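Trainee: The numbers in the working numbering rise by one with no breaks, and the one at position 49 of the sequence shown is 54.
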Amino acid sequence: MQADPQIAIYPGSFDPLTLGHDDIVRRALKLADGVLIAVAERATHAKQPMFPIDERVRMIEEVYADEPAIRVVPFSGLLVNFAREQGARLIVRGLRAVSDFEYEFQMALMNRSLWPEIEIIFMAPATSYTFLSSSLVREVASLGGDVSEFVPPTVLGCLVDRFGPDVAGL
Ligand code: PNS
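1) I'd like to confirm something about G25: is its beta-carbon nearer than 7 Å to some heavy atom of the ligand PNS, or not?
2) At what residues does the alpha helix (DSSP H) containing A45 begin and finish?
3) Where do the ends of the beta strand (DSSP E) carrying F110 lie?
4) Report yes if the CB atom of A88 is closer than 8 Å to the CB atom of V40, and no otherwise.
5) Check E122 in the structure and name its three-state DSSP category.
6) Taking the alpha-carbon positions, what's the G162 to V152 distance?
7) Could you tell me which residues DSSP puts in a beta bridge with P16?
8) When the distance is taken between beta carbons, is M128 closer than 8 Å to R32?
9) Taking C-alpha atoms, which residue in F80, K52, S138, P54 lies nearest to I42?
10) For P16, verify whether its CB is less than 7 Å away from any heavy atom of the ligand PNS.
11) Just to confirm, are I125 and R98 a CB contact at a threshold of 8 Å?
12) Say yes only if the C-beta of L1 is nearer than 7 Å to one or more non-hydrogen atoms of the ligand PNS, and no if none qualify.
13) Are there any heavy atoms of the ligand PNS lying less than 7 Å away from the beta-carbon of A45, as far as the coordinates show?
14) Can you give the Cα-Cα distance for G169 and L84, rounded to whole angstroms?
15) For G25, does the three-state DSSP call read helix, strand or coil?
16) Between the alpha carbons of A70 and T159, how many angstroms are there, rounded?
17) Return the bridge partner residues of V145 from the DSSP annotation.
18) Return yes when the Cβ of L137 is within less than 8 Å of the Cβ of G17, no when it is not.
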C-alpha cells in the first residue's frame, strides 16, 4: 500500500520572502514530498505588513512558478487549524540563531498543545543567511540600500517598484 504524500507546511509572514526563506524551502523539500508555503495575513508579533497579503502570495507564486512540489496558500487564524484543513502534520521553521530559539520553541509547544498530532521541525539555513531577515531587508530597502544579494529577482523587482533602482544596486 502506498503511503499518503508527506506535505510540510512552511508558515511565515514572508514580508517579503528572502533567500534565507528559499534556502529553508529547498531543505524542506528533501524531507517531504511537497512544501506548502503558508503565508500569514498577519504575524502574531508584527505590525502592519509592508506588502499586502495578495502581493506577498503573488510574489512567492512567481518565485516557484516552475516547481510543482511547492504550493503557496494564504491563511488567517490559527496555524494548526489551517494545517489540519490541509491534511498536513508537519510544520517546518528556520532557526537562524539562539536568539530565535525561545520564541520558536514557545510557538512549537503551543501549537502542539492545540493539536497534538502536529510535529514541528527546525532547520538551520546556510551559514551565509544566518543574519538575514525580512525586517532587515525592509529597512535597508526603504532607506535605498542594495538588497539584491538577499532576495529572489521577483521580490527585488517589487522592491525596486516601491523604493527605486538603488535597492537593486543600479
Ligand atoms: O514570519 P514570522 O512572522 O516569523 O511568522 C510567524 C507565524 C506566521 C508563523 C506565526 O505568527 C503564526 O503561526 N501565526 C498564525 C496564528 C497562530 O497560529 N498563532 C499561534 C501561534 S503559537
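Ideal Cβ positions, reconstructed from N, Cα and C, are used throughout, including at glycine. Just so you know, these numbers come straight off a predicted model, no measurement behind them.
Mentor: Quick look at the numbers:
1) no
2) No alpha helix (DSSP H) holds A45; the beta strand (DSSP E) holding it covers 39-45.
3) Unbroken run through F110 is the alpha helix (DSSP H), 103-119; no beta strand (DSSP E).
4) no
5) coil
6) 11 Å
7) A43
8) yes
9) F80
10) yes
11) yes
12) This structure gives no information on residue 1, because the portion of the chain shown stretches from 6 to 175.
13) yes
14) 35 Å
15) helix
16) 11 Å
17) Answer by DSSP bridge pairing: none, since V145 is not bridged.
18) no
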